[in-house]
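What follows is a short report on a single structure.
Protein chains: 2
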Amino acid sequence: MTHKQKAEAGLLTAAMERCAADEGVQPEFIRSAMAAGAIVIPGNPLRRTRPVAIGDGVSIKVNANIGSSPVIPEGGFADGGDALIEAEILKLEAAVSAGADAVMDLSLGPRQAEIRKAVLARSPVIVGTVPIYQTAFELARSGRDLSSLTLDDFLSAVERQARDGVDFMTIHAGVNRTAMEAYSSQGRSLDIVSRGGSMLAAIMRATGRESPLYEGFDEILKVLARYDVTLSLGDGMRPGATADATDRAQLSELIVLGELADRARSRGVQVMIEGPGHVPLDAVTENVRIAKRLCGGAPLYVLGPLVTDIAGGHDHVAGAIGGAVAAMSGANFLCYVTPAEHLCLPDLADVREGVIASRIAAHAADLALRNPRAARLELEMARARKTLDWDAQFRLYLDSETPARRRAQSGIGGGKECTMCGEFCAIKRMNEPL
Amino acid sequence: MTHKQKAEAGLLTAAMERCAADEGVQPEFIRSAMAAGAIVIPGNPLRRTRPVAIGDGVSIKVNANIGSSPVIPEGGFADGGDALIEAEILKLEAAVSAGADAVMDLSLGPRQAEIRKAVLARSPVIVGTVPIYQTAFELARSGRDLSSLTLDDFLSAVERQARDGVDFMTIHAGVNRTAMEAYSSQGRSLDIVSRGGSMLAAIMRATGRESPLYEGFDEILKVLARYDVTLSLGDGMRPGATADATDRAQLSELIVLGELADRARSRGVQVMIEGPGHVPLDAVTENVRIAKRLCGGAPLYVLGPLVTDIAGGHDHVAGAIGGAVAAMSGANFLCYVTPAEHLCLPDLADVREGVIASRIAAHAADLALRNPRAARLELEMARARKTLDWDAQFRLYLDSETPARRRAQSGIGGGKECTMCGEFCAIKRMNEPL
Chain A
2 MTHKQKAEAG LLTAAMERCA ADEGVQPEFI RSAMAAGAIV IPGNPLRRTR PVAIGDGVSI
62 KVNANIGSSP VIPEGGFADG GDALIEAEIL KLEAAVSAGA DAVMDLSLGP RQAEIRKAVL
122 ARSPVIVGTV PIYQTAFELA RSGRDLSSLT LDDFLSAVER QARDGVDFMT IHAGVNRTAM
182 EAYSSQGRSL DIVSRGGSML AAIMRATGRE SPLYEGFDEI LKVLARYDVT LSLGDGMRPG
242 ATADATDRAQ LSELIVLGEL ADRARSRGVQ VMIEGPGHVP LDAVTENVRI AKRLCGGAPL
302 YVLGPLVTDI AGGHDHVAGA IGGAVAAMSG ANFLCYVTPA EHLCLPDLAD VREGVIASRI
362 AAHAADLALR NPRAARLELE MARARKTLDW DAQFRLYLDS ETPARRRAQS GIGGGKECTM
422 CGEFCAIKRM NEPL
Chain B
2 MTHKQKAEAG LLTAAMERCA ADEGVQPEFI RSAMAAGAIV IPGNPLRRTR PVAIGDGVSI
62 KVNANIGSSP VIPEGGFADG GDALIEAEIL KLEAAVSAGA DAVMDLSLGP RQAEIRKAVL
122 ARSPVIVGTV PIYQTAFELA RSGRDLSSLT LDDFLSAVER QARDGVDFMT IHAGVNRTAM
182 EAYSSQGRSL DIVSRGGSML AAIMRATGRE SPLYEGFDEI LKVLARYDVT LSLGDGMRPG
242 ATADATDRAQ LSELIVLGEL ADRARSRGVQ VMIEGPGHVP LDAVTENVRI AKRLCGGAPL
302 YVLGPLVTDI AGGHDHVAGA IGGAVAAMSG ANFLCYVTPA EHLCLPDLAD VREGVIASRI
362 AAHAADLALR NPRAARLELE MARARKTLDW DAQFRLYLDS ETPARRRAQS GIGGGKECTM
422 CGEFCAIKRM NEPL
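Chains A and B, in that order, give the protein sequences. According to the numbering used here, the first sequence is numbered sequentially starting from 2. According to the numbering used here, the second sequence is numbered sequentially starting from 2.
Shown next, in the form of C-alpha cells:
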C-alpha cells in the first residue's frame, strides 16, 4: 500500500500525525485531504526524513533548488570533482538553515549521481529531482542523440533515483503532441524555457512521435507507486516571459496535467502540479485558480512566479511578489528564485537570500489566509517592538542573523532605540507615562 | 496662481507637457487630471527640477527616504559634522542612480538644515521633507518641551523649507482629537509608530488641546499655496504592526485626511495622501481603495506597505510584495523600504537595494495595469533572452550593473549560455533548426 492508499483506507500514519501536530490541525484532517489528493506528504520509505505536508489547509512550504551545472570550470577538476559534491552539500546546509522545507537536486553534469546520493544522505528535508536530467546527461556521455531516448532509459533513471531515496520527482509528461500543437499554433516570444520541457520538445520534433513519457505514463506510475515516490507533474510549457503567460501551450499542457493527475491518484501515487513561471501580477490569481480547477485541487507548486522579466540580479524580489500573491490565491508550495536567476548558477549567498525571500512570501500568504500560527507570530513581534525587546525581535524574525548583525554594527551601543530615530523614537515616546 | 490653479484655468504648462511626453500621454490628460486632483506634479518654483507626474493614469513612481539620524556617533564629529552632510549626498546619488523618482530628506538632528540645503542643491529629482522634524529638533535644542510647540513654530519651519526649494512636505494634520479618540477607544498592539504622528499625539496628550496643525491647517495651506509646495498628508496613525491594520485610528484619520485634502484642493494646493504602513496581504487592496475613495481620488503615497512584521533584515522584500499589490490596486507612489528598516539608519547599499526593490514592485504594477511602456520592455527582454543577447538584457534590466557583474564573475567566459544549464540551455535547444 502506498501512503496515499493508506489514507484512502482510513489509516492514520505516524507521518500524518506528525504533520498534523506541526500544522496545528487534526490528524484526520490531514488523512482525508491526503485521500482526496488535496495534501501530499512526500516521503520515500527507503529514507527517513521529517515528514512535511503540502496542500490546502496547511502552511505554505518553500523549496530550494540546488545542484551542479554541466559547465566545467576551465582546467577541469583538479580534485576529480569532489569539490562539486562539497559545494552542493554546502548549498543544502544553507537552504536548510535558512528554513527551506524541501530541496531539489537539479544537478546535470559530471558526478550528478554522486551528488544526489550525498544530498540524500545529508538532507534532513525532503529531496526532489528531475530524472530526465540524468537520462539526458547519460545519453550525451554515451554519444547517443537525445532523440534516441526511450521509455526504458527514463524508467531506469527513475528507478535508480527512487532506490536512492528520492522523495519527489518532477516529470514533464504533459509535454505531449496536443500541447506541442497548441504551442506551435500560437508561437511565443520566448519559446520553451523549461530545461526538461525543451528536451521533450526536441525529442518529439526529431522523431515526429508522441512523447515517450506521455505514452509510457502508466509504466512510470508503476515505478513511482512501487517506491512510493510523489509525482510532481512538471510544466514544460511554463511561460518564460510575462508576454507568454496564460497562452495556449501553457493551458493545453495544464489540461493534460489534470488528466495525468487523475491517473496518478487512481494508482495511489501522490501528485503535485507545477505552475508558472513568468506571469504578470494581475494574472497570477487566475493562473492559480485555473490550475487548481483543472487538476482536481492537487497541491500547486509554483516557480516564482516572476511578475516581471526585467528584475535580473533581484529576481528573488520579483519571485516573492508573485509567490505571495500565488500562495494567497491557492498555491501551496513555493519554489524559490534566487538573485542569480537568469544569470548564473546560484552561490551560497544566493541560496540563503532566495530561501528567505520565499519564506517571507509564504508567511505573508499564511497571514493573509488566517493561519493562526502566522497571526500569533505577528502579534508577538508587535509586542517585542512595543517593549523595544531586541532579543525577542531577533528570535521572531524569519532570519534572526541579519537583524542582530545589523543592529550590532549600527553603533547604537546599549541604547534601547535604533539609529534611525534615536531619542525621537515614536515607540519610546508612546511608552512614556501620560 | 499655483500650478494646480493653472490646470484648473485650462493652462498647459511646460511641466505638464514634459510629463505628458515622459508618460506617453496627451498633455491635456495631465492637465485635466491635475485640475481634478488625481495627478500632482510636485515642484517648487524656486528650484528647477525635472517634473514628475504622480497619480492615476501615469506610471508608478518611487521615493527613497534619506536623511541623518539624531544619534551622535561616540566622540561626536571630529570634522564638525561635515561628514554628516557628505553621507546624505552620497545616499542621494545612490538613490537617483538606482532610479528613484523622488527623495525625502528625513534628517532629524545636528546640521539638518544644512543637509536639506545640500540635498536640494544637488538633487535632480523632487525633494520632500517633514517640517515637524525640524521644529521638534529646534525645540529640543532650545530646551523647550515639545508640548510647547505652537502653530507659529511650525509655520516658521514650513516657510523656511519652502524658501529652500522643498517640493513636497509631509504634514500630519490628520492626527486630531477625533483620530486620537478612535485610537484610544480601540487600543493597539503597537501604538503609533509614525515619528511625526507620535510627536503630535504627545503634544495633544500633554496640552489636552486640539492639534495645532489641525487647528491651523488653513494657515499652513496659505504658506504652501504661496510657495506652491505640494502637500503630502501624513498618516500619523498608520498601523505599525499588521495586527493593527485597518483599525479605527487609521480609518478615523483617513476620514480627516479626506476633509483636509478637499480644503487643500480648494486653495489650489496640490495634495497627496500617505497610506499604510503594515498591512496583511489580503487587506492591501481594500486599504488602497478605501483611501482613494475617502480622499477624492488624490494620489496615494504608500509606505511599503509591509505585508509582515517578521521580515527584518529583508523588509525591502516584504515592502515590494505590498507595494506591488498596492500599486496594482490604485496606489501611485511607493515609498521604498530598505533592508535596514526597523534595525538602523540605512547605508548606501541599503538605499540602492531599497530603490531597486520598489522599482521592481512599481514596474510589476505598471505591467499589470497595462502600461504600454512596461509591456514593451518585457517584450524586448523576451527577445533579448531568446537571442541570448546578454548586452541587450543588461541594458533592459532595472538594475544593469548587478546582472553584468554576476555574469562576468560566473566563469562562463565567451559562452552564449549561462552557468546554470550550460549546453543544456533550453533556449539554445529551442533555437536549433528543426
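Every residue gets a Cβ at the ideal spot worked out from N, C-alpha and C, and that includes glycine. Computed from a predicted model, the values in this text were never measured in an experiment.
In the three-state reduction of the DSSP assignment, Gly56 (chain A) falls in the strand class, which pools E and B. Using a CB distance cut-off of 8 Å, Met329 (chain B) counts as an interface residue toward chain A. In this chain, Leu301 (chain A) is not harboured by any alpha helix (DSSP H); it is covered by the beta strand (DSSP E) spanning Leu301 to Leu304. In summary, the residues of the stretch 344-365 of chain A whose CB is separated from some CB of chain B by less than 7 Å are Leu344, Cys345, Leu346, Ile357, Ala358, Ile361, Ala362, His364 and Ala365, in the order they occur in the chain.
The DSSP-derived three-state label of Ile67 (chain B) is strand. Taking a contact to require three or more Cβ pairs closer than 8 Å, the stretch 141-152 of chain B and the stretch 185-192 of chain B do not qualify as touching. For the stretch 412-429 of chain B, the residues whose beta carbon sits under 9 Å from a beta carbon of chain A are, in order, Gly412, Ile413, Gly414, Gly416, Glu418, Cys419, Thr420, Met421, Cys422, Gly423, Glu424, Phe425, Cys426, Ala427, Ile428 and Lys429. The criterion of a C-beta distance shorter than 8 Å is not satisfied by His315 (chain B) and Ile55 (chain A). Contact holds between the stretch 83-91 of chain A and the stretch 54-73 of chain A, because three or more Cβ pairs, one in each stretch, are under 8 Å apart.
Between Leu261 (chain A) and Asp57 (chain A), the alpha-carbon positions lie close to 20 Å from each other.
With a 10 Å radius around the Cβ and a threshold of 16 neighbouring Cβ atoms, Gly331 (chain A) comes out buried.
Residue environment for Arg374 (chain B): exposed (fewer than 16 other C-beta atoms within 10 angstroms of its C-beta). In chain order, Ser411, Gly412 and Ile413 place their CB closer than 7 Å to the CB of Thr420 (chain A), counting only its own chain and leaving out the 5 sequence neighbours on each side. With fewer than 16 other Cβ atoms inside 10 Å of its own Cβ, Phe78 (chain B) counts as exposed.
When the five nearest sequence neighbours on each side are left out, the beta carbons in the same chain lying within less than 7 Å of the beta carbon of Glu9 (chain A) are those of Ala36, in order along the chain. Residue pairing for Ala103 (chain B): DSSP places it in a beta bridge opposite B:Asn64 and B:Ile127. Inter-residue distance for Gly38 (chain B) and Cys296 (chain B) is about 10 Å (C-alpha atoms, whole angstroms). In the displayed model, Val41 (chain B) falls within a strand according to three-state DSSP. The Cβ atoms of Thr231 (chain A) and Pro43 (chain A) sit closer than 8 Å to each other.
Taking all protein chains in view, the Cβ of Thr388 (chain A) is surrounded by fewer than 16 other Cβ atoms within 10 Å, so the residue is classified as exposed. A:Val120 is the residue among A:Asp248, A:Thr243, A:Val120 and A:Ala96 whose C-alpha sits nearest the C-alpha of Gly166 (chain A). Annotation: the continuous alpha helix (DSSP H) that includes Met431 (chain A) extends over Ala427 to Asn432.
Met17 (chain B) is outside the set of residues whose beta carbon lies under 8 Å from a beta carbon in chain A. Near chain B, meaning a CB-to-CB distance below 9 Å, the residues of the stretch 177-197 of chain A are Arg189, Ser190, Leu191, Asp192, Ile193, Val194, Ser195, Arg196 and Gly197.
When DSSP reads this structure, Ser233 (chain B) sits in a beta bridge with B:Thr171 and B:Met273.
Look at Lys62 (chain B): its C-beta is not under 8 Å from any C-beta on chain A.
Judged by DSSP secondary structure, Phe334 (chain A) falls within the beta strand (DSSP E) whose first and last residues are Phe334 to Cys336. In the DSSP assignment, Leu258 (chain B) falls within the alpha helix (DSSP H) that extends over Arg249 to Ser267.
The shortest CA-to-CA distance from Gly100 (chain B) to any of B:Ser108, B:Pro125 and B:Gly81 is the one to B:Pro125.
Considering only A:Asp351, A:His343, A:Glu418 and A:His364, the residue with the shortest C-alpha distance to Ala385 (chain B) is A:His343. If you ignore the 5 residues before and after Val318 (chain B), its C-beta comes within less than 8 Å of the C-beta of Ala312 and Ala358, all in its own chain and listed in chain order. Leu301 (chain A) and Lys293 (chain A) do touch by the CB rule: their CB atoms are close to 6 Å apart, below 8 Å.
The alpha carbon of Met181 (chain B) has as its nearest neighbour, out of B:Ile204, B:Asp168 and B:Gln162, the alpha carbon of B:Ile204. DSSP lists B:Leu307 as the bridge partner or partners of His279 (chain B). Just so you know, the alpha carbons of Val176 (chain B) and Leu201 (chain B) end up roughly 7 Å apart. If you draw a 10 Å sphere on the C-beta of Arg396 (chain A), you find fewer than 16 other C-beta atoms in it, and that means exposed.
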